[in-house]
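Residue numbers (the working numbering): 285 to 486.
Note that CB positions come from ideal geometry on N, CA and C, so glycine has one too.
Read the structure below first, then the notes.
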């Protein structure tokens, strides 16, 4: 199994790369686990308390479970990946069965902040985009997919997201083998170097 970590700021275009890789290699050979599924289970907190959680800080992620699941996959075992609700800020009762594949992609903004998880990755990729472009993509996603209002997203980006990006995301470039510039249209994203690296290890 080849494990590839894909990180970068919120709205940088990580999901687009995942879709392009899925198209290139096919669902039979490639699998994904996302940091978004591994936020801590906050079911015991009130909604107001959940709203105060900094989801852009490493402490918000259940890295222990994520590491355990990746190790199981590397050993040929299936996992029951949690499904997280970004509307209610807690894990749902549903799970997603994930099977080990030849290529496993680990995706998320904070996945390289945990040394044990980072060491389980064979290759690490950073998706780069300007602050302005990331903001526009985040605004669109949070309004259309997560039920947020524009004012809330704008305030969050200006007061917290950018600071967390500079503290915990941008510095992770030094651990990456490949940096992909995604400042152009997403349909013209150039991922040939990543595809070639993956093919060379299959």
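Straight-line Cα distance separating residue 344 from residue 324:
Taking the first residue of the chain shown as position 1, residue 324 is located at position 40. Taking the first residue of the chain shown as position 1, residue 344 is located at position 60. Between residue 324 and residue 344, the C-alpha separation is close to 6 Å.
What number of angstroms, rounded off, separates the C-alpha of residue 436 from the C-alpha of residue 459?
Taking the first residue of the chain shown as position 1, residue 436 is located at position 152. Taking the first residue of the chain shown as position 1, residue 459 is located at position 175. Rounded to the nearest angstrom, the two C-alpha atoms are 33 Å apart.
When you compare only the Cα positions, how much space is there between residue 350 and residue 468?
Indexing the chain shown from 1 puts residue 350 at position 66. Indexing the chain shown from 1 puts residue 468 at position 184. When rounded, the distance between both Cα atoms is 32 Å.
Can you tell me the Cβ-Cβ gap for residue 368 and residue 321, rounded? I've got them flagged as a contact below 8 Å.
Numbered from its first residue, the chain shown carries residue 368 at position 84. Numbered from its first residue, the chain shown carries residue 321 at position 37. Confirmed, Cβ separation roughly 6 Å.
Can you give, in chain order, each stretch of the beta strand (DSSP E) that sits fully within the segment 302-370 and has at least 3 residues?
314-318 and 363-369
Where residue 439 and residue 336 are concerned, what is the direct C-alpha to C-alpha distance, given to the nearest angstrom?
Position 155 of the chain shown holds residue 439. Position 52 of the chain shown holds residue 336. The straight-line gap from Cα to Cα measures roughly 13 Å.
At which residues does the alpha helix (DSSP H) containing residue 399 begin and terminate?
Within the chain shown, numbered from 1, the residue matching residue 399 stands at position 115. Here the alpha helix (DSSP H) through residue 399 covers 399-402.
What whole-angstrom Cβ distance do residue 287 and residue 406 have, given they're in contact under 8 Å?
By one-based count along the chain shown, residue 287 stands at place 3. By one-based count along the chain shown, residue 406 stands at place 122. Sure, about 5 Å apart at Cβ, within 8 Å.
Exposed or buried, residue 466, counting other C-beta atoms within 10 Å across all chains shown (16 or more means buried)?
In the chain shown, residue 466 corresponds to position 182, counting from 1. Residue 466 comes out buried.
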